[in-house]
Structure formats: C-alpha cells, structure tokens
Amino acid sequence: MTASTEIFEDVLVADVAEQDDRFYYASQWSLIWWRFRRHRVAMISMALLLVLYLLAILPGFFSPYLPSTRFESYQEAPPVRLYWFDQNPEGGGFVGPHYYGFEKTLNKETFKYEFAPILDNPINLRLFAPGPEYTIVGDWTATVHFLGTDVEEAPPFMLFGADRLGRDLLTRTLYGARISLSIGLIGVALSLILGIVLGGISGYFGGLTDEVIQRLIDFLISIPSLPLWMALSAALPRDWPVLKTYFAITIILSILGWTGLARVVRGKLLALREEDYAMAAKAAGTGEARIIFKHLLPGFTSHLIVTITLMVPGMILAETALSFLGLGIQPPAVSWGTLLQDAQDIVAIAQHPHQLIPAAWVMAAVLLFNFVGDGLRDAADPYSDH
Amino acid sequence: MVAYIVRRSVMLIPILVLISIVSFTIIELPPGDWVTYQIENLRASGIQLNEEEAERLIKMYGFDEPVWKRYIKWMRGILFKFNFGWSFQWGKTVNELLGERLPLTLLISILALIVSWVVAIPIGIYSATHQYSVLDYIFTFFGFLGLATPAFLLAMVLAWNIFKYTEFSPLGLFSIEYMDEPMSAEKFVDMLKHLVLPLIIIGLNGTGALIRVMRGNLLDELKKQYVITARAKGVNEMRLLFKYPVRMSMNPVISTIGWVLPGIFSGEVLVSLILGLQTTGPLLLRAVLAQDMFLAGSIVMILSVLTVLGTLLSDILLAVLDPRIRYGGASAR
C-alpha cells in the first residue's frame with residue numbers, strides 16, 4: 009500500500025516538473041491555445057461558429073430543397089414541426105422523426121389563409137435521403153441531403169416556414185449564410201491588408217507620413233458609416249452580376265474598416281521598434297521591410313487576430329443592413345439581409361413572425377464572434393500573469 | 004483656453020475640406036452625368052426639349068466644365084449662398100428639404116446621446132464597484148446583446164410588440180388624430196410618446212460599448228493610490244467614489260463622443276426608416292435609390308460635418324472639465 013502511494017507521488021512530482029518544462033518550452037501559440045481553452049464560453053462559441061461555417065460551406069447538403077424552388081399554394085406557410093411520437097389521437101406511440109403536411113383553409117372572417125397539420129398522415133424523415141440535385145463546387149453535384157424523406161410526392165418539409173413566394177426559408181437561410189458569413193471574412197481580409205500596410209508605414213516611419221495617415225484615419229472615423237456606405241453602393245449598377253456586386257460591397261465595407269486595424273498596427277509598431285532586438289536587426293543591416301514583417305509583425309499577431317475577430321460581426325451587420333435596404337446584394341442572390349426584406353413592415357411580421365428567423369441567425373453569428381473575440385483577447389497575452 | 008479652442012478649430016479645416024471632397028465624389032460617382040439622364044427623362048415623359056434648352060441645362064449645372072471647376076462651383080454655392088443644389092426627385096432645393104428634416108434628426112440624435120449616457124454611466128459605475136457580481140454579468144450580457152442586435156431589427160420587433168399589446172402605434176411622430184392639429188399640450192405629450200421608442204433603440208445601440216469604457220476606466224482608477232489613501236483615512240465610500248474616480252473615468256466617455264456620434268447618426272437612418280420618422284434617414288435612402296445625388300451627397304456631408312462639430316464640442320467640454328488637458332495639451336502637441 010505504502011509502496012504504491014510512493015510511486016503515485018513520484019509520478020505526481022514528475023508531472024508537475026514536466027508541466028513546468030512544458031510551460032517554459034511551449035511556443036507562444038500553444039500558450040495562447042491553452043489559455044483560450046480555459047475560456048469555456050469562447051470555446052463553445054468557437055465550436056458553434058465552426059458548425060455555422062460548415063453549414064455555409066455546404067448549404068446544398070444541409071438544406072432539403074433549392075433556394076429558388078417554389079411550392080405553389082404554400083406562400084408564407086408557417087414552420088412545420090418535427091415530431092417523434094405520433095400526434096394522431098387514435099394512433100399514438102413512437103414512430104421516429106416525422107412531420108405532417110398542411111391543410112390550407114381560408115378563414116372567412118379575416119380573409120387570411122390558415123394552415124393546419126393533417127394528423128393522420130405522418131411523413132417519416134431520415135438522414136441522407138435523396139432530394140433535388142445541387143452543386144457543391146463547380147461541376148461537382150450531388151443529390152444526397154442531410155435530412156429528407158423517401159415518401160413520394162411528400163408535402164414540403166419547411167422547418168422555418170415559407171417566404172412570400174412559397175420558397176423554403178431554411179434552405180434560403182443556409183444559402184444566405186454563404187454570402188453573409190463570407191462577406192465578413194473577405195471584407196476583414198481586405199481591411200487587414202490596407203490596415204497593415206498603412207498602419208505599418210505610419211508607425212514605422214513616423215514623422216509627416218504618420219501625421220498624414222493619422223489625420224486620414226481621424227477623418228474616416230468621423231464620417232457616419234452607414235450613410236456613406238449607402239451613398240457609395242448607390243453608385244453600383246443594379247445589373248451587375250452577383251459576384252461583382254459582392255466584391256464591390258466588400259470593398260465599400262473595407263474602405264472604412266481598415267482604420268481600427270491600422271491604429272493597432274501603428275501603436276504596436278511604435279512600441280516594438282524601440283525594443284533592443286529591432287535595434288539589433290537594424291545594426292546588422294536588415295532591410296526595413298524585413299524588420300517590419302519578420303521581426304516586428306510576429307510580436308503583435310495575436311493582437312491583430314483579436315481585432316480581426318471583433319471586426320467580422322460589424323461587417324456582417326453592415327452587409328445585412330445594406331441588403332435589407334435594397335442597396336447591397338440584389339435578388340435572386342440570397343443573403344440574410346435580402347431575406348429580411350420580407351420582414352420590412354410591421355404588419356408582415358405580425359402575421360408571419362417566422363420571417364424574422366434569419367434575424368436570429370444574424371444575431372447568433374454576431375454574438376458568437378464577439379464571445380470568441382473576447383476569449384482571444386484574454387488569451388492574446390499569454391505571458392501577462394505568469 | 005481660447006488658444007486651445009482656436010487651435011482645435013483650425014485643425015478642423017482640412018477635415019472639413021476632405022469631407023466636402025468625399026461628398027462631391029459621391030455626387031459624381033454614378034455612371035453617366037445626371038443632367039443627360041434628366042434631359043432624357045424629360046423627353047421620355049413627352050416634354051418638348053430642344054437642343055438649345057438642353058444646352059442651357061447642361062451649362063446651368065456646369066457639366067461642360069471639368070470636375071474640379073464643378074467642385075469649386077458647388078462649394079462656392081454652399082459657402083457664399085448657402086445653396087446645396089437642386090433635388091430632381093422632389094423638384095425642390097436641397098436646402099428646403101434639409102430644413103424640413105434636419106431639425107428632427109438633430110433632436111433625436113442629441114436626445115439619444117443623452118439617453119445612452121444616462122443609462123451607461125450609472126451601470127458602468129455599478130459594474131465597476133460590484134465587479135463579477137451577478138448584476139455585472141447580466142449587464143455585460145445585455146451589453147453584448149445590444150452590440151449584436153442590429154438596431155433596425157430591434158425597432159421592428161419592439162414596434163410590433165408594442166402595437167400588439169398596447170394598441171398604440173409607435174410609428175411616425177404623431178398619432179393620426181393629432182396629425183393636422185395645431186401644436187397643443189396633448190399633441191406634445193403624444194409626440195413624446197412616439198419619441199420614446201426611437202430614442203431608446205438608438206441610444207442603447209451605443210450603450211454597450213460605453214458601459215465597457217466606463218467600467219474599465221473606473222476599475223483602473225479605483226486601483227490608484229489616492230483612492231487607497233482616502234479609504235485609509237476613512238473617507239465615506241460614496242464620497243470617495245464620486246469625488247474623483249468617477250469624474251476621472253468620465254473623461255474618456257466624453258472624449259468618445261467623436262466615435263459615438265457617427266454610430267448614432269447611422270442608427271438613426273435605419274430606425275427612422277422603420278418607425279416612419281420624417282428625418283434625413285428616409286430622405287437619404289430615397290435619394291440614393293433614385294440616384295438623386297445632390298441630395299444624397301449633401302446629406303452625407305451635413306451628417307459628417309455635424310459629427311466633426313460634435314467632436315470639437317466634446318474636446319472643448321473635456322478641456323473645461325479637465326485642467327490637465329487645457330494646460331498640458333498646448334506643450335504636448
């Protein structure tokens with residue numbers, strides 16, 4: 009008994025020593041990762057964000073239909089519900105995941121269509137069921153869908169309900185995620201390039217260049233962003249192809265987006281260029297570009313990542329607002345903003361609250377990015393409390 | 004003090020020039036010049052317009068001159084005649100349209116700014132003095148939620164719910180029964196009722212960030228030695244808090260007006276649009292959709308100039324409140 013305890017303690021001591029070693033030899037990035045892992049909210053948000061992006065990369069697979077498929081007589085149908093137990097009062101019992109078709113009746117008093125489930129005909133759902141053909145990338149197509157039914161001529165399975173033209177809102181939300189979620193990343197990438205170049209020049213060279221760039225940033229920050237974006241996107245021709253409009257919008261968003269990044273880059277460069285190792289590199293005759301990118305940039309990459317993560321939601325919101333106003337992505341292309349156009353007036357929302365579902369997705373994406381960014385900010389400086 | 008104000012005002016001039024250039028670029032941006040477009044429009048609608056008159060129109064708006072001359076002409080009109088141009092869409096001068104809409108925009112924006120302060124400062128103080136308490140977490144959560152919720156969505160959902168549960172329609176500035184009435188006490192109360200929702204929505208949009216700033220500053224301030232000394236001497240906690248630390252941590256809040264104001268103007272555009280308020284926001288959207296660019300460019304310019312002036316005011320206010328800025332600033336900069 010005593011022997012085993014001793015062995016146990018030996019192992020424990022060795023473990024602590026090993027952990028110490030692990031800490032001292034760990035790279036900055038593994039330290040950041042360890043720190044980030046302890047931030048539970050941020051970890052969960054990160055996982056959920058990855059799921060969101062997976063959905064956005066493969067919208068065809070995860071959605072049951074195609075974004076342009078219209079179901080006649082299902083205009084503005086409410087969401088169908090997914091059941092596990094038979095809802096028919098005479099039947100009952102477990103039948104697995106299924107849903108019911110709708111019966112549409114005209115209410116003679118309000119003159120509105122009402123949808124009621126037909127309870128005696130459960131339609132079973134299964135994973136990886138066949139459905140309409142969709143393209144994955146280029147010519148690569150598939151017909152397998154994540155969730156579907158083998159029943160022939162089944163009524164549409166619309167978990168989020170239908171829009172004004174009877175198109176499946178879940179499908180459209182997933183296809184919309186492709187544009188809405190990627191526009192944030194691409195817009196931020198563009199801003200990052202502008203921010204690093206201009207902030208780098210400003211911080212490293214200082215003097216008059218610095219002064220000019222700083223005033224430019226002051227100026228850009230002082231312009232109300234939405235009115236400027238609106239005015240700029242007004243200049244985009246309405247008949248441009250989707251891809252062109254998409255990139256034009258990202259450029260418009262990054263025109264104002266780079267300023268925050270440039271400030272971070274400049275501030276950090278100003279601090280780091282006074283460090284001994286920067287001086288040493290200079291004394292050794294290293295070129296300025298190499299000093300900036302090889303020696304100084306790695307010193308604040310983690311801070312840049314934090315700033316970037318916190319910038320993405322702003323871009324997503326901006327795209328949503330522009331498309332919502334009819335100034336961004338143009339139909340037939342789908343983004344969360346264009347979907348929300350259906351929910352523009354209050355009467356429409358009051359009658360069909362499910363039109364607001366895409367809004368919940370916008371908020372979820374924005375919140376998740378904020379949580380991840382918050383966790384990263386705490387982790388970005390791994391040496392701060394050791 | 005006067006020297007400080009003069010210096011700050013002079014620094015404003017290049018920014019104002021830049022704003023005017025950007026606004027003029029916006030006017031010029033859409034492909035094809037709009038005089039040609041308008042002439043075609045007039046002809047299409049059956050109005051007889053001979054070449055001479057078309058020439059006259061082009062000359063009148065200076066489209067036979069190079070860009071920089073047009074810019075100078077436009078600026079001269081604004082600076083010396085206070086004439087922003089002509090809105091084709093409305094058939095009125097831009098001045099007239101702005102005169103109708105701008106006062107309400109200003110009223111809503113300034114009140115929204117005050118709302119965001121009134122909410123954010125006490126919450127920031129509470130969160131800092133009760134760090135990691137339940138309420139602190141709740142405020143933080145709602146702050147995040149406020150950041151994540153687009154103002155226009157909040158406006159839609161709240162307006163719908165208010166309408167559903169209270170039968171009071173928060174749209175517009177007045178209820179229908181007061182629409183054509185002269186101003187009276189009841190009408191004023193009715194207007195206030197309609198203003199509550201937009202003010203809360205626009206104001207709260209910036210509140211989350213302000214709470215973070217206030218909380219962070221106060222936390223830093225409370226760690227300083229003068230606070231510890233005062234506490235050691237037995238100064239009452241409330242007095243200790245409000246005498247210096249709160250005042251000190253409010254400085255950055257005031258100096259952030261510069262970046263809160265653009266957010267408020269942006270939020271106001273969308274919220275007014277949804278709540279049907281006759282401000283510059285809906286006017287801008289319609290101008291932009293119809294490519295009525297003189298109007299669109301002028302609105303962007305006015306809103307930007309107002310923001311810059313707001314920043315100037317906040318800088319002056321800061322100098323009044325904080326002697327270190329007014330004396331230290333001159334030598335440091």
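Chains U and S supply the protein sequences, listed in that same order. Each position in the first sequence, counted from 1, maps to that position plus 8 in our numbering. Each position in the second sequence, counted from 1, maps to that position plus 3 in our numbering. Virtual Cβ for every residue (Gly too), placed ideally from N, Cα, C.
Check: Among L155(U), T118(U) and D350(U), nearest to L135(U) - alpha-carbon criterion; Outcome: L155(U)
Check: Pairwise C-alpha distance: P138(U) and E160(U); Outcome: 11 Å
Check: CB contact check: S334(S) to chain U, cutoff 8 Å; Outcome: Summary for S334(S): the model assigns pLDDT 44, below 50, so the residue's position carries little reliability; its value from the coordinates is reported in the next sentence. No, S334(S) lies away from the interface with chain U (no Cβ there is under 8 Å from its Cβ).
Check: Rounded Cβ spacing between G347(U) and R180(U) (contact assumed at less than 8 Å); Outcome: It should be pointed out that residue 347(U) corresponds to Leu in this sequence rather than to Gly. Indeed they touch by this definition, with Cβ atoms about 6 Å apart.
Check: Euclidean distance between Cα positions of A368(U) and G109(U); Outcome: 26 Å
Check: D176(U) (DSSP reduced to helix, strand or coil); Outcome: strand
Check: F268(S) classed as buried or exposed, judged by whether at least 16 other C-beta atoms fall within 10 angstroms; Outcome: buried
Check: Span separating the alpha-carbon of V320(U) from that of E58(S); Outcome: 49 Å
Check: Bridge-paired residues (DSSP) for Y107(U); Outcome: I131(U)
Check: Secondary structure of E141(U), DSSP reduced to three states; Outcome: strand
Check: Beta-carbon neighbours of W77(S), restricted to chain U and to distances below 8 Å; Outcome: Ordered by position in chain U, no residue passes the 8 Å Cβ test against W77(S), which lies about 15 Å from the chain.
Check: Enclosing beta strand (DSSP E) for L155(U) [first to last residue]; Outcome: W148 to G156
Check: Near-chain U residues of the stretch 307–331 of chain S (beta-carbon distance less than 8 Å), N- to C-terminal order; Outcome: S307, T310, V311 and T314
Check: Anticipated Cβ contact below 8 Å, L244(U) with T258(U), distance rounded; Outcome: That belief does not hold up - the Cβ atoms of L244(U) and T258(U) are roughly 12 Å apart, past 8 Å.
Check: Between the CA atoms of A158(S) and F56(U) - distance to the nearest angstrom; Outcome: The residue asked about is misnamed: residue 56(U) is Leu in this sequence, not Phe. Each residue's Cα considered, the two are about 27 Å apart.
Check: Short Cβ contact (8 Å threshold) for I337(U) with Y212(U); Outcome: no
Check: Coarse secondary structure for L298(S), derived from DSSP in three states; Outcome: helix
Check: Three CB pairs or more closer than 8 Å across the stretch 226–243 of chain S and the stretch 87–100 of chain S; Outcome: no
Check: Where the beta strand (DSSP E) containing W92(U) begins and where it ends; Outcome: Y91 to F93
Check: Touch test, the stretch 120–132 of chain U against the stretch 195–204 of chain U, Cβ-Cβ under 8 Å, three pairs minimum; Outcome: no
Check: Residues of the stretch 371–392 of chain U with Cβ closer than 7 Å to any Cβ of chain S, in chain order; Outcome: M371, V374, L375 and N378
Check: 8 Å Cβ cutoff, S269(S) in contact with chain U; Outcome: yes
Check: Interface residues of chain S facing T328(U) [CB-CB closer than 7 Å]; Outcome: P153
Check: For A333(S), three-class secondary structure by DSSP; Outcome: At A333(S) the pLDDT is 45, less than 50, meaning the model places this residue with poor confidence; the figure from the coordinates comes in the next sentence. Three-state DSSP puts A333(S) in a helix.
Check: Touch test, the stretch 71–86 of chain U against the stretch 156–175 of chain U, Cβ-Cβ under 8 Å, three pairs minimum; Outcome: yes
Check: Contacts around T328(U), its chain only, beta-carbon distance under 6 Å, and the 5 residues preceding and following it disregarded; Outcome: W344, G345 and V370
Check: Status (buried if at least 16 other CB within 10 Å, exposed otherwise) for F144(S); Outcome: exposed
Check: Closer than 7 Å at the beta carbon, the chain S residues around F332(U); Outcome: F155
Check: Listed by chain order, chain U residues near A162(S) by CB distance under 8 Å; Outcome: I354
Check: Secondary structure of W89(S), DSSP reduced to three states; Outcome: strand
Check: 8 Å Cβ cutoff, M323(U) in contact with chain S; Outcome: no
Check: Helix, strand or coil at E296(U) according to DSSP, with G and I counted as helix; Outcome: helix
Check: Inter-residue CB distance, V342(U) and I144(U) (contact presumed, cutoff 8 Å); Outcome: Contact flag wrong, Cβ pair sits at about 17 Å.
Check: Spatial distance of V118(S) from E283(U) (CA atoms); Outcome: 45 Å
Check: Pick from I305(S), L198(S) and D325(S) that is closest to L280(S), judged by C-alpha positions; Outcome: L198(S)
Check: At least 3 beta-carbon pairs within less than 8 Å: the stretch 211–225 of chain S vs the stretch 119–129 of chain S; Outcome: yes
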